[in-house]
Amino acid sequence: MALAVEAQELAIVVATKNHTPSILSPDFLTCSGIIGADLELAQAPVSTPQVSQLVFRNGISMMAQVDRLIFVEQIAAKSLQDVSIAQIARRYIAALPQAQYQGIGINVQGLVPLGHQTPSVENYLTQTFLVSGSWQEFGHTPVQANLQLRYTLEHAHLTLSVAQAALQLAEGETTPILVFSGHFDHRLTAEQPLMPQVMQALTQWQSDLETYQDLVNTRFLNTRLPEDSTIPVFAAVGL
C-alpha cells in the first residue's frame, strides 16, 4: 500500500534580538487585534523575564523569548483555509515594526504510520534509505538511524530530518511511524528593507508546506511496504 505523510504541526520561528518576552500577553494580543477575544486559553499564561507562553484550546500556542518568537498550530485534519498561525504571526510582527528581526523559520512536522511491527517495518528506515552493509550487523539489536538532509531552494534552505518512532495508541498499544521534520530557513539581508522581507517570508508558509509534502511523498515514499504490512488510517493524531 502506498504511503503518504500526514502533516501534524506548523511552527513559525522568528529570530529576534533583545526582544521583551513579557510583551506576549492575552491583553496585548486582543487589544492589538492579533487574535479574537473569543480565543480561549487552555492553561494559565506563563510570564517570566526569560520567557512567556500562551496555549489556546484550538491547538495554537505562542512563546516569546529574548532571541525568538515561536508560533505553533496543530494542523492535523485541518484545511489550509482553517490554518491561521501565519496570519497571527504577521499581525504580531506588524504590531512591533521596530523590533530587531533576524530571520524566519517555517517548520513542518508530519508522520507516516507504518502499520504492524514486523521486522521489515521496524527496519524500514535503514532498509529503504541506506545502502546495506556490515555496519548494520553490529550490536545486539537492529541498528537505529536518523537522517538529516539539507536542500538549497530558490527562496530558502530546507533541512529535512527523518526518524523512526513509535506512536502511542489506546490501551498501551503502539504502532511504528516515520517522523519527517522540515525546517525552511528564510534569511533576511541588510541590503533590503527589513519588514517587507519578513512579511514576504511569512507568506511562504503554504508554499513551504506544499514543497515539504511533495518532497516527502514523491521522493521518499514512492516505495511500498511488504504485502503483509497494513497501514492504519488516522484522521488526526498527536506526537
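Mapping to the numbering used here: the sequence shown position 164 is 204, numbers consecutive. Quick reminder that beta carbons are idealized off the backbone N, C-alpha and C, glycines included.
Under the three-state DSSP convention, the category residue i falls into
| i | result |
| --- | --- |
| residue 166 | helix |
| residue 84 | coil |
| residue 93 | strand |
| residue 271 | The predicted position of residue 271 is uncertain, since its pLDDT is 29 and thus under 50; a value taken from the coordinates is nonetheless stated next. Correct three-state label for residue 271: coil. |
| residue 155 | coil |
| residue 249 | helix |
| residue 146 | strand |
| residue 221 | strand |
| residue 75 | coil |
| residue 237 | helix |
| residue 50 | strand |
| residue 70 | helix |
| residue 261 | coil |
| residue 203 | strand |
Own chain partners of residue i with C-beta closer than 7 Å, once the 5 adjacent residues on each side are dropped
| i | result |
| --- | --- |
| residue 126 | 52, 242 and 245 |
| residue 75 | 69 and 128 |
According to DSSP, residues forming a beta bridge with residue i
| i | result |
| --- | --- |
| residue 191 | 198 |
| residue 102 | 94 and 111 |
| residue 179 | According to DSSP, residue 179 bridges with nothing at all. |
| residue 57 | 140 |
| residue 227 | 143 |
Same chain only: Cβ atoms within 6 Å of residue i, ignoring 5 sequence neighbours per side
| i | result |
| --- | --- |
| residue 93 | 86 and 103 |
| residue 189 | 200 |
| residue 147 | 51 and 223 |
| residue 95 | 82, 83 and 101 |
Nearest-angstrom Cα separation, counted from residue j out to residue i
| i | j | result |
| --- | --- | --- |
| residue 167 | residue 211 | 30 Å |
| residue 81 | residue 181 | 45 Å |
| residue 84 | residue 99 | 15 Å |
| residue 255 | residue 69 | 35 Å |
| residue 238 | residue 122 | 22 Å |
| residue 240 | residue 110 | 17 Å |
| residue 90 | residue 226 | 25 Å |
| residue 184 | residue 77 | 47 Å |
| residue 118 | residue 48 | 9 Å |
| residue 113 | residue 174 | 43 Å |
| residue 164 | residue 54 | 35 Å |
| residue 72 | residue 149 | 30 Å |
| residue 158 | residue 152 | In this predicted model, residue 158 has a pLDDT of only 48, less than 50, meaning its place in the structure is not dependable; the value taken from the coordinates is given anyway. If you take the alpha carbons of residue 158 and residue 152, they lie about 16 Å apart. |
Expected contact under 8 Å - CB spacing of residue i and residue j to nearest Å
| i | j | result |
| --- | --- | --- |
| residue 172 | residue 187 | Their Cβ separation, rounded to whole angstroms, is 15 Å, which puts residue 172 and residue 187 out of contact at 8 Å. |
| residue 217 | residue 230 | Wrong, their Cβ atoms sit about 42 Å apart, outside the cutoff. |
| residue 56 | residue 176 | In fact, because the Cβ distance is near 44 Å, the residues do not count as touching under 8 Å. |
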